[in-house]
Amino acid sequence: MIGVHGLAARLGDFDLRDVTFEVSAGGYGVVIGPAGSGKTTLLHLLAGVILPDRGRVEVLGTDLASLPEAGRDRFRGASVGLVFQSLNLFPHLDAEENLLAAPLLAGRKAPGDAERARSLLARVGLEGRARHRPGQMSLGEQQRVAIARALMNRPPLLLCDEPTGSLDGRRRDEVVALLREMAAENGATLLVVTHDDAVVAAFPSRLAIRDLAGGAAS
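Numbering (my numbering), first residue to last: 88 to 305.
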């Protein structure tokens with residue numbers, strides 16, 4: 088599923104050097120490490136948003152560096168569900184429309200998309216907010232919309248950067264359970280970056296950035 092070999096990359100102040108690890112298909116865990124250790128940079132590399140300065144990143148059997156930028160965009164849209172701290176919701180679209188944008192942009196629009204979007208919004212507790220735009224919702228509600236959108240295409244890989252950062256304890260636990268449940272239903276691999284000890288405790292498998300250099304983890 089994921090194979091990282093001799094990876095080195097620098098993005099601003101974040102520096103990764105000689106990182107090697109593998110994660111099997113259907114596995115899930117958290118990525119932990121101190122601030123500035125490169126956790127978010129690692130997720131960007133796994134999603135093909137950026138390319139490494141050195142080394143190889145293979146996801147779903149594809150060497151991401153072998154794809155042109157447009158090819159990486161298509162690969163990401165079809166195969167990777169992303170929840171980054173910036174959320175990246177479309178401000179002019181309501182919650183349901185934001186979810187429907189995922190299959191549309193991936194070229195995978197299907198007749199049952201609207202029903203699935205409403206079902207996902209209900210599962211993150213937003214059934215009454217489907218027609219609200221991001222500016223009409225709290226940050227926590229926006230975060231739940233972003234999580235639901237990441238699940239919309241049933242991607243085989245879910246990458247989440249602090250997905251519970253704006254949620255209270257009850258919603259945090261519900262979202263973690265939903266991510267694990269949906270990943271299991273689709274046989275997807277799930278990686279979550281977090282500083283929340285309660286989230287860390289929910290995942291028995293942990294990738295510690297400080298332990299990845301020159302080593303291996305699964």
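Quick reminder that beta carbons are idealized off the backbone N, C-alpha and C, glycines included.
These numbers come from a predicted model, not from an experiment.
Tell me, which residues are paired with residue i by DSSP?
{"i": "Ile137", "result": "DSSP output for Ile137 lists no bridge partner at all."}
{"i": "Arg210", "result": "Answer by DSSP bridge pairing: none, since Arg210 is not bridged."}
{"i": "Ala96", "result": "Leu103"}
{"i": "Val144", "result": "Val91"}
{"i": "Leu169", "result": "Leu246"}
{"i": "Thr149", "result": "Val146"}
What is the C-beta distance between residue i and residue j, in whole angstroms, given that I count them as a contact (C-beta under 8 Å)?
{"i": "Leu265", "j": "Val232", "result": "With a Cβ gap of about 13 Å, Leu265 and Val232 do not count as contacting."}
{"i": "Arg220", "j": "His179", "result": "7 Å"}
{"i": "Val262", "j": "Ala289", "result": "Val262 to Ala289, Cβ: 10 Å. No contact."}
{"i": "Gly116", "j": "Ser292", "result": "3 Å"}
{"i": "Leu208", "j": "Ala188", "result": "Not quite, the Cβ-Cβ distance comes to about 14 Å (not below 8 Å), so this is no contact."}
{"i": "Val144", "j": "Leu151", "result": "5 Å"}
{"i": "Ala96", "j": "Leu132", "result": "6 Å"}
Which stretch, first to last residue, makes up the beta strand (DSSP E) that contains residue i?
{"i": "Asp260", "result": "Counting along the chain, Asp260 falls outside any beta strand (DSSP E), though it belongs to the alpha helix (DSSP H) covering Gly256 to Glu272."}
{"i": "Arg293", "result": "Arg293 to Ala295"}
{"i": "Thr281", "result": "That residue, Thr281, is in no beta strand (DSSP E); it is neither H nor E in DSSP."}
{"i": "Leu244", "result": "Leu244 to Asp248"}
Hey, quick one: how far does the alpha helix (DSSP H) through residue i stretch, first residue to last?
{"i": "Leu176", "result": "Neither: Leu176 is in no alpha helix (DSSP H) and is coded neither H nor E."}
{"i": "Gly164", "result": "Glu156 to Ser166"}
{"i": "Asp284", "result": "Asp284 to Ala288"}
Flag residue i as yes when its Cβ comes closer than 7 Å to any non-hydrogen atom of the ligand GTP, and as no otherwise.
{"i": "Leu246", "result": "Of ligands this structure carries none, so the ligand GTP is not represented either."}
Under 8 Å, Cβ to Cβ, is there at least one residue of chain D near residue i?
{"i": "Val167", "result": "Absent from the structure is chain D; it holds one protein chain and no more."}
Exercise. Which residue spans inside the region 100-135 form an unbroken alpha helix (DSSP H) run of at least 4?
Worked result: 126-134
For this session: Decide if the region 195-209 is in contact with the region 272-287; the criterion is three or more beta carbon pairs, one per stretch, under 8 Å apart.
Result: no
Exercise. Of all the alpha helix (DSSP H) runs that stay within the bounds of the region 188-232, which reach a length of 4 or more residues?
Worked result: 200-210
Exercise. When the Cβ atoms of the region 154-171 are set against those of the region 232-246, are three or more pairs found closer than 8 Å?
Worked result: yes
Exercise. How about the region 101-121 and the region 276-283: do they share at least three Cβ pairs that are nearer than 8 Å?
Worked result: yes
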